[in-house]
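Taken in sequence, the protein lines are chains H and R. Numbering (this note's numbering) for the first sequence: 7 to 273. Numbering (this note's numbering) for the second sequence: 5 to 367. Virtual Cβ for every residue (Gly too), placed ideally from N, Cα, C. Here's the structure we're looking at; comments come further down.
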Amino acid sequence: MSDFLAVHDLSFSWPGRTVLEELNFEVGPNQLVSVLGVNGAGKTTLLKCINRILSPSSGSIHLLSSDVLSMTIMDVARQVAYVPQSVGTNFPMNVFDVVLLGRRPHLQWFVGDGDRDKVSECLHFLDINDFAFRRYDQLSGGERQRVVLAKALAQEPKLYLLDEPTSDLDLKHQITTMEKIRSVVGDQTAPSSAIIAIHDIDVAARFSDKIMLLHDGKIRAYGPPKEVLTVELIAEVFGVEAEVREDSGSLRITIQAALKNEEGDGE
Amino acid sequence: MSNEQGHSLVHHRGETVTSLSVQHQERGRSQLGKIGLMCMLTALVSLVALGQGSSSQLDVFTTARIVLGLDDATSVQSAIIWELRLPRVLMAIVGGVGLATAGALMQGCLGNPLVSPLTLGVASGAALGAALAIVVGFSITSIGAFAIAGNAFVFSLLVVFIIIQLGRYRSISAESYILVGIAITFIAGAVVSTLQFFATDAQLSQLAHWSFGSLSRPDMAVVLAVGICIVALLPQAMMWSWDLNALAMGGDDFAISTGVNPMRIRRNILVLSALMTSLIIAFTGMIGFVGLAAPHMSRLIIGNDYRKLLPASAVCGAFLMVFADTIGRTLFAPIVIPVGIMLAVIGGPVFMYLLLQSKGVQR
Chain H
7 MSDFLAVHDL SFSWPGRTVL EELNFEVGPN QLVSVLGVNG AGKTTLLKCI
57 NRILSPSSGS IHLLSSDVLS MTIMDVARQV AYVPQSVGTN FPMNVFDVVL
107 LGRRPHLQWF VGDGDRDKVS ECLHFLDIND FAFRRYDQLS GGERQRVVLA
157 KALAQEPKLY LLDEPTSDLD LKHQITTMEK IRSVVGDQTA PSSAIIAIHD
207 IDVAARFSDK IMLLHDGKIR AYGPPKEVLT VELIAEVFGV EAEVREDSGS
257 LRITIQAALK NEEGDGE
Chain R
5 MSNEQGHSLV HHRGETVTSL SVQHQERGRS QLGKIGLMCM LTALVSLVAL
55 GQGSSSQLDV FTTARIVLGL DDATSVQSAI IWELRLPRVL MAIVGGVGLA
105 TAGALMQGCL GNPLVSPLTL GVASGAALGA ALAIVVGFSI TSIGAFAIAG
155 NAFVFSLLVV FIIIQLGRYR SISAESYILV GIAITFIAGA VVSTLQFFAT
205 DAQLSQLAHW SFGSLSRPDM AVVLAVGICI VALLPQAMMW SWDLNALAMG
255 GDDFAISTGV NPMRIRRNIL VLSALMTSLI IAFTGMIGFV GLAAPHMSRL
305 IIGNDYRKLL PASAVCGAFL MVFADTIGRT LFAPIVIPVG IMLAVIGGPV
355 FMYLLLQSKG VQR
């Protein structure tokens, strides 16, 4: 049905524990989807299943009508870029070379001028060009996060899977980085979409086209922020009391207090 | 390629973008220059090594002039240089290249800086094979000259085969490979100790000598055969340098998102490096340190990009081996100290010094 990403009946379980249970959803082109949920709700697992890091126990994933689960890892990497929560290393390279790894799915062995220019562009785009030749391990957590994001941009994928891409960023960079992701995904000339696992519900509401609420491995709600992020659903899924208001067209959410355990099932 | 892809990155194109690309290209050239320099140093040390020996009529300069074709050699001189000294120096080069490359490969694919070519139990397999040949007299081959080497080679590969099969049976992580390797080292070590317990003094001494790791009197045919095998395996190692970069840089998840299948590539790389290691230590005995130190020294000089690190490690390994062996046979001449011992004695402190110096150094 959807011509971009279609996920059907996707389930994943570890021995003895079901993490994702029959997820069904579609993502259109140029859409930014935020996945929200408490710790352990299955956000990261969902991203890893789509990127083939984990093998789903059942279900199907189609990207632009091709079956992701039957592609080679290299073919997936040409279409899908995944940014983990953090990347640690024993053998740090310099920033330019880390981002250059994003070109790996597109090159044979030798690096061309086009690849170098693409990397340079991504470094400038995320304002990390000043330390292009610093070693990765000498960067702060937030700087590292932007380097790995730049690597994903250099990959020129159709689908971005970002696992808390702003968790280590300072306030200013949280906003500017989300704006940049938004602008990349919004580019009509090169249709791409992003699925972002995120904790900051307010940031999610401001930048997302759609919100997916994951609760106990199931999709509790999926749709535009205004429909999904209601006071009731936020209380049910997160166990917090929130104030939701509209501020010049965009949704603003303020968390007021944690709800007592009994109140969650009091209705 | 990126223009038509659009993004909003486009307006960043222009001079600033080109300047970063040019800088990257220049850094690449300077790295290649460093590797070239290391090659020249190694050639120089090898030339000096050829000039070292007990013959009074063949000092460094005479030898150098003969090798470089400036002087004609007498038949005795040419026999000494080409048949006695050259095989030894060549074996040092081949051994250094192979062990250092294998070390760099294994460190990268297991994402662990503590790993050397001997970590996975390759050495313990070789030792077991050698002990069986020396003590029990059991050998895979019927050719007497290759009884120890053939056994060492086959048994070390057997160990790797077992580990790889375990990995296939249940897809295991990098750490598990190392742990299984350590377990096998203990098991094989126990068998070797048992054999030693029942061995005669002569057998014990032979086994001890084998395990020192030495380059004494290698046969030119063997040197060439091993050398050709190692050289033939190097291009394959280079082909995997991107995959190694992804694995070493960010681990399995990062590698997958870069298009690398970590399970498969790790298995392939382990087989390749085990093959290189077994080929060499079957003939030289236990030389482990060069496989740990040469890659790390190269990382300090070149950085962690495997496209340059692999050749740099190979050259660095050759340099270390030739250098250590030459010192070993000249320091207390005519007594020759095995290269394995010399490597540890000279390389160990240098290695520690470099590591301490490197804190915070930019690459």
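What are the boundary residues of the alpha helix (DSSP H) that residue i is part of?
i, result
"V209(H)", "I207 to F213"
"W246(R)", "S245 to I260"
"V191(H)", "L177 to G192"
"T105(R)", "L90 to L114"
"I176(R)", "Where I176(R) is concerned, there is no enclosing alpha helix (DSSP H), given that its DSSP letter is neither H nor E."
"P266(R)", "P266 to T288"
"V126(R)", "V126 to A135"
"E127(H)", "D119 to F131"
"F327(R)", "Y310 to T334"
"M301(R)", "F293 to I306"
"F216(R)", "D205 to F216"
"M369(R)", "There is no way to answer for residue 369(R), as the model of chain R reaches only from 5 to 367."
"G352(R)", "G352 to Q361"
"S4(R)", "Nothing can be reported for residue 4(R), as the shown portion of chain R is limited to 5 through 367."
If the cut is a Cβ gap below 9 Å, which residues of chain R does residue i touch?
i, result
"A83(H)", "I260, S261, T262, G263 and V264"
"N36(H)", "The contacting residues do not exist; N36(H) stays about 12 Å from chain R at best."
"A138(H)", "L24, Q27 and H28"
"D215(H)", "What D215(H) touches in chain R: nothing, since even the nearest Cβ is about 17 Å away."
Thinking C-alpha only, which one of the options is nearest residue i?
i, options, result
"G255(H)", "E242(H), L265(H) and K232(H)", "K232(H)"
"S215(R)", "G141(R), L118(R), A298(R) and G129(R)", "G129(R)"
"N249(R)", "L75(H), E28(H) and N96(H)", "N96(H)"
"V235(R)", "T334(R), P315(R) and T22(R)", "P315(R)"
"D174(H)", "L42(H), R58(H), D206(H) and K49(H)", "D206(H)"
"S261(R)", "V86(H), A160(H), A12(H) and G43(H)", "V86(H)"
"A264(H)", "E247(H), V93(H) and E252(H)", "E247(H)"
"T334(R)", "A47(R), C43(R), D63(R) and G107(R)", "D63(R)"
"L36(R)", "N265(R), M346(R) and S302(R)", "S302(R)"
"F190(R)", "A153(R), V227(R), P299(R) and L132(R)", "L132(R)"
"S214(H)", "H221(H), A203(H), G223(H) and N57(H)", "A203(H)"
"Y181(R)", "I341(R), C233(R), D223(R) and G115(R)", "G115(R)"
"R212(H)", "L38(H), G94(H) and L145(H)", "L38(H)"
"L69(H)", "F10(H), Q180(H) and I240(H)", "F10(H)"
"F244(H)", "A47(H), W20(H), G22(H) and F131(H)", "A47(H)"
"P171(H)", "K178(H), L219(H) and R152(H)", "R152(H)"
"A53(R)", "S34(R), H28(R) and I85(R)", "I85(R)"
Interface residues of chain R around residue i at Cβ under 8 Å?
i, result
"P21(H)", "Ordered by position in chain R, no residue passes the 8 Å Cβ test against P21(H), which lies about 12 Å from the chain."
"N96(H)", "G115, N116, P117 and A252"
"I79(H)", "I260, G263, V264 and N265"
May I ask which residues mark the beginning and end of the beta strand (DSSP E) holding residue i?
i, result
"Q151(H)", "First-last for Q151(H): G147 to A160, but that is the alpha helix (DSSP H), not the beta strand (DSSP E)."
"S30(H)", "According to the sequence shown, residue 30(H) is Asn rather than Ser. That run of the beta strand (DSSP E) goes R23 to V33."
"W20(H)", "L11 to W20"
"V41(H)", "L38 to L42"
Pull the bridge partners of residue i from the DSSP assignment, please.
i, result
"L257(H)", "E252(H)"
"K224(H)", "H221(H)"
"Y166(H)", "A87(H) and A200(H)"
"S64(H)", "S17(H)"
"A263(H)", "E247(H)"
"N100(H)", "R141(H)"
"L69(H)", "L11(H) and S72(H)"
"K216(H)", "V39(H)"
"G108(H)", "BP columns for G108(H) are empty, so no partner."
"G229(H)", "I217(H)"
For a contact defined as C-beta to C-beta under 7 Å, what are the partners of residue i on chain R?
i, result
"A87(H)", "S261"
"V104(H)", "M253"
Starting from residue i, find everything on chain H with Cβ-Cβ shorter than 9 Å and list it in chain order.
i, result
"W246(R)", "L107, R110, L113 and W115"
"D257(R)", "K54, N57, I59, Y88, P90 and V93"
"G112(R)", "F97"
For a contact defined as C-beta to C-beta under 8 Å, what are the partners of residue i on chain H?
i, result
"D309(R)", "M99 and D103"
"L272(R)", "Inspection of the sequence shows that residue 272(R) is occupied by Asn rather than by Leu. None at all; the shortest Cβ gap to chain H is about 14 Å."
Please find out if some non-hydrogen atom of the ligand FMN comes closer than 7 Å to the beta-carbon of residue i.
i, result
"R109(H)", "Judged by which ligands are present, the structure shown has none, so any question about the ligand FMN falls away."
Next item on the list: Determine, using beta-carbon pairs with one atom in the region 241 to 253 of chain R and one in the region 45 to 64 of chain H, whether at least three such pairs fall under 8 Å.
Entry: no
Check: Is there contact between the region 162 to 171 of chain H and the region 75 to 91 of chain H, where contact requires at least three CB pairs shorter than 8 Å?
Finding: yes
Margin query: Quick check: the region 98 to 105 of chain H against the region 290 to 308 of chain R, are at least 3 beta-carbon pairs closer than 8 Å?
Written below: Enough Cβ pairs lie closer than 8 Å, so yes.
Notebook entry, point to check: Does the region 206 to 215 of chain R come close enough to the region 74 to 85 of chain R that 3 or more CB-CB pairs lie under 8 Å?
Noted result: no
Next item on the list: Mind the definition here: the region 147 to 166 of chain H touches the region 179 to 196 of chain H only if three or more C-beta pairs lie below 8 Å; say whether that holds.
Entry: yes
Checklist line | At least 3 beta-carbon pairs within less than 8 Å: the region 178 to 189 of chain H vs the region 219 to 239 of chain H | finding: no
Check: Can at least three beta-carbon pairs, one atom from the region 199 to 206 of chain R and one from the region 65 to 72 of chain R, be found at a separation below 8 Å?
Finding: no
Notebook entry, point to check: Is the region 253 to 272 of chain R close to the region 326 to 345 of chain R, with three or more CB pairs under 8 Å?
Noted result: no
Check: Between the region 275 to 284 of chain R and the region 148 to 161 of chain R, are three or more C-beta pairs nearer than 8 Å?
Finding: yes
Check: Should the region 218 to 238 of chain R be called in touch with the region 87 to 100 of chain R, which here means at least 3 C-beta pairs below 8 Å?
Finding: Yes, the region 218 to 238 of chain R touches the region 87 to 100 of chain R.
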